[in-house]
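The listed protein sequences derive, respectively, from chains U and H.
Each residue of the first sequence is one higher than the one before, starting from 83 at the first, in the working numbering.
Each residue of the second sequence is one higher than the one before, starting from 939 at the first, in the working numbering.
Think of the CB as a built atom: it goes at the ideal place given N, C-alpha and C, for glycine as much as any other residue.
None of these values were measured; they are calculated from a predicted model.
Structure, as structure tokens:
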Amino acid sequence: MAHSKRKDYEADIKWWDITDREHYINRREFMRKAGTVAAGVGLATAAPGFVQNAFAQNGAFAGLPGSKYDTDEEQNTLKQASTYNNFWEFGAGKNDPARHAKDFVTAPWEISIGGLLANPVKIDVADVIKRYRDKLEQRIYRMRCVEAWSMVIPWVGFPLHELIKDYQPDSAAKYVRFETLWDPEQMRRAARSIQYPYVEGLRMDEAMNDLTLVTVGMYGDVLANPNGPPIKIVMPWKYGFKSIKSINKIEFVEDEPVNTWKKAQPREYGFYSNVNPERSHPRWSQATERRIGERGRRETLKFNGYGEWVASMYDGMDLINRYY
Amino acid sequence: MADAKPKRRNPMQVAKRAKLVVLPLAMVPMAIALLRYLGDQFGGNAIEAFTLDTGNWGIRLLLVTLAITPLRELTGWNWLITYRRPMGLAAFYYLCVHLLVYLYLDFNFEFQWIIPDLSQSIYVVVGFASFLMLIPLALTSTNGWIRALGKRWRVLHRLMYPAVILGVVHYLLQIKEISFQLWFYIIAGGVLLAYRLAAPALKRSGSRAAK
């Protein structure tokens, strides 16, 4: 009897139903903190769970300003965005991140910023958020997956160029390389056909583009566990796999980084991976996409419709055969 | 056989009656899929889930159909033949729905998008080829056609073999990581097709040994 009751609870209450989501997401940290506070040590070592509380209204990042890039297309729901996505560290199925990232510990979270840089640093994501608090905005972007589906998601973040300006990489740095946390203990269900840690990269002008968003939230709240918390980047004109999740390493480098999917299948996935209906994937068409929740297809737009801000970066480049 | 135990029923007749249970059973996955789709229980990408589900059941039932002859020959259970045609038709039915979901729910019958999808997505072409092969098999599955075609019927129905191979390849071509399910299809399909290649030799050596 008691057993079946517990099952009912598990089946009925999903984490996105819980109002105070950030406490749920950071509950381990919360409990650790609560213990620390009780012991009288105080808040001097404030961790993200608490820093994010400073923003708490109806969500950690509610009420932020919008941006000129916002699409007015109908948004997908948080449930759609967090139960149908790829995060291969938690499994290859689209529903796997939602199922297997429930207990993903994302606080404290240290990011190293290094490479061709006068002063490499290690910084907690809570301090990153504090430092760029005034630059945070909501960006309602289209997200186009290389698998020919798309969503509209309101992200929260600040432009990567703000961070790059602050950390001043050497002029020799031509690319930015990102890594996702690889923690085999927490990621036991990781899909086996790619190598970890997951690596992505951007050319410096792409990284400096105003659309490139260091993302710390979605739907006015912190990033949901399946969506790459506590910090990721989003480039809406590129296929979704470029928007690397749960970043713990940013490096300024001279040579083009070898990104994970290019390494796994160089004929199918390239470094640039700009959304391009004119170049079909070797195994399937990219001409159309399914907007999650809709019947029928939408025509896929070149650069996912963000051409006016990004197309000039690729002038004269063969985006079909060489720089795909 | 009949005089050994007078009360025992002819297994062929039992099998024919049991069809009344087995056939509705083959439609249960379709009912579940429909309910899940209409009740929004298919997850974020319901159209994809519906497509995958009907496609998977199509392949599974094709494999069941292919398994009947070897099982019958190896066990001597002749009554199994009663289920070969219904299973094949059930597979065809699932694949018709699979195609319809693709054309209607996925593409809303917009042929200006379906045609580029067909021409650029190799797995769609392969799946479509497999389906085309199954059409004449479904059409000639009636007793009338079996009689009319005689020996040629068996030759025509060997189209099952390439159809199953293309069906599994259709699945293989669209995934990024080989799943347990795909391994099962490859191994089961491989064994069932290998039996067809080996069976004539087995029978020949068997009859020679009997002499």
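Check your understanding: Which whole-angstrom value is the C-beta distance of H/Y1042 and H/Q1112, which I expect to be below 8 Å?
Key -> That belief does not hold up - the Cβ atoms of H/Y1042 and H/Q1112 are roughly 20 Å apart, past 8 Å.
Review point. Applying a beta-carbon distance threshold of less than 7 Å, which residues of chain H neighbour U/G378?
Key: Under the 7 Å cutoff, chain H gives F1045, N1046 and E1048.
Check your understanding: Residues of chain H with a CB under 8 Å from the CB of U/I374: which are they?
Key -> G982 and N983
Point to revise | Candidates U/L245, U/R285 and U/Y249: closest to U/Y257 by CA position | key: U/R285
Check your understanding: What three-state label does DSSP hand U/G299 in the structure shown?
Key -> strand
Exercise for review: Please state whether DSSP places U/W231 in a helix, a strand or coil.
Suggested key: strand
Review point. Using a beta-carbon distance below 8 Å, is H/P1054 in contact with chain U?
Key: yes
Point to revise | Residue-chain proximity (U/W264, chain H), Cβ-Cβ < 8 Å | key: no
Exercise for review: Give the straight-line distance between the Cα atoms of H/G996 and U/F169, rounded to the nearest whole angstrom.
Suggested key: Within the model, the alpha-carbon separation for H/G996 versus U/F169 is close to 29 Å.
Check your understanding: Expressed to the nearest angstrom, what Euclidean distance is found between the alpha-carbon atoms of U/M39 and U/D400?
Key -> Residue 39 of chain U lies beyond the residue range present for chain U, which begins at 83 and ends at 406; the question has no answer from this structure.
Review point. Is U/A126 helix, strand or coil when you go by DSSP?
Key: In this prediction, U/A126 has a pLDDT of 37, which is less than 50 and means its spatial position is unreliable; what the coordinates show is noted afterwards. Here U/A126 sits in coil by DSSP.
Review point. Taking all protein chains shown into account, do 16 or more other C-beta atoms lie within 10 angstroms of the C-beta of U/G398, making it buried, or fewer, making it exposed?
Key: U/G398 is exposed by the Cβ-count criterion.
Check your understanding: Applying a beta-carbon distance threshold of less than 7 Å, which residues of chain H neighbour U/S149?
Key -> In chain order: nothing, as chain H lies at least about 26 Å away.
Review point. Can U/L295 and U/I326 be called in contact, C-beta distance under 8 Å?
Key: Judged by beta-carbon spacing, U/I326 lies beyond the 8 Å limit of U/L295, meaning their Cβ atoms are not closer than that value.
Review point. Going by beta carbon distance, what residues of the same chain come within less than 8 Å of H/L1075, once the five residues before and after it are set aside?
Key: G1026, F1030, L1094, H1095, L1097, M1098 and A1101
Practice item. Kindly indicate which three-state DSSP category U/I283 falls into: helix, strand or coil? Key: Going by the sequence as given, residue 283 of chain U is Gly instead of Ile. Residue state, collapsed to three classes: strand.
Practice item. Can you check DSSP and say which residues form a bridge with U/Y223? Key: U/I235
Point to revise | Those runs of the alpha helix (DSSP H) which lie wholly inside the stretch 140–198 of chain U and span at least 4 residues | key: 160–165 and 178–182
Practice item. State buried or exposed for U/S394, treating a residue as buried only when at least 16 other CB atoms are found within 10 Å of its CB. Key: Result: exposed.
Point to revise | DSSP state of U/F385 mapped onto helix, strand, coil | key: helix
Check your understanding: Which partner residues of U/D206 appear in the DSSP bridge assignment?
Key -> U/E192
Review point. Who are the Cβ neighbours of U/K247 in its own chain at under 7 Å, not counting the five residues just before and after it?
Key: none
Review point. So what does DSSP say about U/P312, is it helix, strand or coil?
Key: coil
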